[in-house]
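Each protein sequence line maps, in turn, to chains E and Y.
Counting with our numbering, you get residues 1 to 157 for the letters of the first sequence.
Counting with our numbering, you get residues 1 to 157 for the letters of the second sequence.
Built from N, CA and C at the ideal position, the CB exists for glycine as well.
See below for the structure under consideration.
There are 2 protein chains.
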Amino acid sequence: MIFKAIGVIRTPFKDYRDMPIQPVAAAGVKGTVEVFREYRPGLKDLNGFSHVILLYHFHLSRGFSLRVVPFMDTRPRGLFSTRAPKRPNPIGLSVVRLFKVEDGALYVENVDILDGTPLLDIKPYVPEFDSTARIRLGWLESAKKKAPKAKSDGRFG
Amino acid sequence: MIFKAIGVIRTPFKDYRDMPIQPVAAAGVKGTVEVFREYRPGLKDLNGFSHVILLYHFHLSRGFSLRVVPFMDTRPRGLFSTRAPKRPNPIGLSVVRLFKVEDGALYVENVDILDGTPLLDIKPYVPEFDSTARIRLGWLESAKKKAPKAKSDGRFG
Numbered sequence: 001m002i003f004k005a006i007g008v009i010r011t012p013f014k015d016y017r018d019m020p021i022q023p024v025a026a027a028g029v030k031g032t033v034e035v036f037r038e039y040r041p042g043l044k045d046l047n048g049f050s051h052v053i054l055l056y057h058f059h060l061s062r063g064f065s066l067r068v069v070p071f072m073d074t075r076p077r078g079l080f081s082t083r084a085p086k087r088p089n090p091i092g093l094s095v096v097r098l099f100k101v102e103d104g105a106l107y108v109e110n111v112d113i114l115d116g117t118p119l120l121d122i123k124p125y126v127p128e129f130d131s132t133a134r135i136r137l138g139w140l141e142s143a144k145k146k147a148p149k150a151k152s153d154g155r156f157g
Numbered sequence: 001m002i003f004k005a006i007g008v009i010r011t012p013f014k015d016y017r018d019m020p021i022q023p024v025a026a027a028g029v030k031g032t033v034e035v036f037r038e039y040r041p042g043l044k045d046l047n048g049f050s051h052v053i054l055l056y057h058f059h060l061s062r063g064f065s066l067r068v069v070p071f072m073d074t075r076p077r078g079l080f081s082t083r084a085p086k087r088p089n090p091i092g093l094s095v096v097r098l099f100k101v102e103d104g105a106l107y108v109e110n111v112d113i114l115d116g117t118p119l120l121d122i123k124p125y126v127p128e129f130d131s132t133a134r135i136r137l138g139w140l141e142s143a144k145k146k147a148p149k150a151k152s153d154g155r156f157g
């Protein structure tokens, strides 16, 4: 299947190194999501939402490995139990805070995304759809406490 | 960019009509996610997670419209403020409960997905990454109450 960019994500992060690895670690970091002109009519009604889900292409990822040592751990883990960008289909997902939609761009906060990343889709974030109670987190249970401070170190570039 | 299926999702829903439109409306509905052999080593460590995010291809969707009347509303809305399957990049996203990983398959619950849907990616669901406080829901604020009972009616097939 062939997918194409519908826009581009602008952030302060020019390089994988020193980039926050998750939105919670990117608290307050501002970015813009520029949607190409032809898709802008689809942005109508987004203004009322406080958060959106961005799907995007990890465009600098090359190849993948089914076992990876995540940023927040020291042992190799199964790829699908991680958010590592080198995936068979290198699609990234971030929940970001939306504070304005204007002139075909979304002004967002909490971006853990590389500058210039191709946008694939925007979906409304709806807790009733997307979040659930009684969560178990496997290997991330202890590692997640590190997320707010964790930075990328280039290993997934 | 070219993406390819890494597996296939099996559910009781053979047709868009009468399918639940969101995981909350599919509470208790069981399905399996069959991962192709070559990707199975990447499933390691998923067993400890209670929920996963599935990304998949809305493979029966043809074309898209930037204004849609959602299942839960009566007025046309901007496409990106909805979860309608006819999108420029027809990628679906569902958070499902994971209760077993065995022989290369994920046994999941709360599936709002059509049988035979091509799987694109599996990501661990982590509330610290994916859910947030103080949410506003725009047009969905009043409509969301209908989600647990809402069914698809074929209009997006």
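Item checked: Beta-carbon proximity check, E:R136 vs Y:G48, cutoff 8 Å -> yes
Margin query: Going by DSSP, what residue range makes up the beta strand (DSSP E) through Y:E38?
Written below: It is not in any beta strand (DSSP E) - Y:E38 carries neither H nor E in the DSSP assignment.
Check: Is the segment 62 to 73 of chain Y touching the segment 82 to 97 of chain E, taking contact as three or more C-beta pairs under 8 Å?
Finding: no
Check: If Y:L120 and E:I91 are in contact, beta carbons under 8 Å, what's the gap, nearest whole angstrom?
Finding: 6 Å
Margin query: Comparing C-alpha positions only, which one of E:P20, E:D15, E:T117, E:P118 sits nearest to E:M72?
Written below: E:P20
Check: Along the chain, which unbroken stretches of the beta strand (DSSP E) at least 3 residues long are found entirely within the segment 25 to 72 of chain E?
Finding: 30 to 35, 51 to 57
Next item on the list: Assign Y:T117 to one of two classes, buried (16 or more other C-beta atoms within 10 Å of its C-beta) or exposed (fewer than that).
Entry: buried
Notebook entry, point to check: In chain E, what lies closer than 7 Å to Y:M19 by C-beta?
Noted result: None at all; the shortest Cβ gap to chain E is about 15 Å.
Next item on the list: Report yes if the C-beta distance between Y:D103 and Y:T11 is below 8 Å; otherwise report no.
Entry: no
Note to self: Quick check on E:A27: buried or exposed, where buried means 16 or more other Cβ atoms within 10 Å of its Cβ?
What the structure shows: exposed
Next item on the list: For Y:F58, count neighbouring Cβ atoms within 10 angstroms of its own Cβ and tell me buried if that reaches 16, exposed if not.
Entry: buried
Check: With a Cβ-Cβ cutoff of 8 Å, do Y:Y39 and Y:I9 count as a contact?
Finding: no
Notebook entry, point to check: So E:L46 packs on E:V33, CB below 8 Å; how close in whole Å?
Noted result: Not quite, the Cβ-Cβ distance comes to about 10 Å (not below 8 Å), so this is no contact.
Item checked: 8 Å Cβ cutoff met for Y:R75 and Y:V68 -> no
Check: Are any of the Cβ atoms in chain Y nearer than 8 Å to that of E:T11?
Finding: no
Checklist line | Straight-line Cα distance separating Y:I122 from E:R1 | finding: The sequence given here places Met at residue 1 of chain E; Arg does not occur at that position. Distance between the alpha carbons of E:M1 and Y:I122: 17 Å.
Next item on the list: Hey, could you find the ends of the beta strand (DSSP E) E:L123 is sitting in?
Entry: Contrary to the premise, residue 123 of chain E reads as Lys rather than Leu in this sequence. E:K123 -> beta strand (DSSP E) spans 117 to 124.
Margin query: I'd like to know whether the C-beta atoms of E:G7 and E:V35 end up nearer to each other than 8 Å.
Written below: yes
Next item on the list: Return the CA-CA distance between Y:V101 and Y:R37, expressed in angstroms with no decimal places.
Entry: 14 Å
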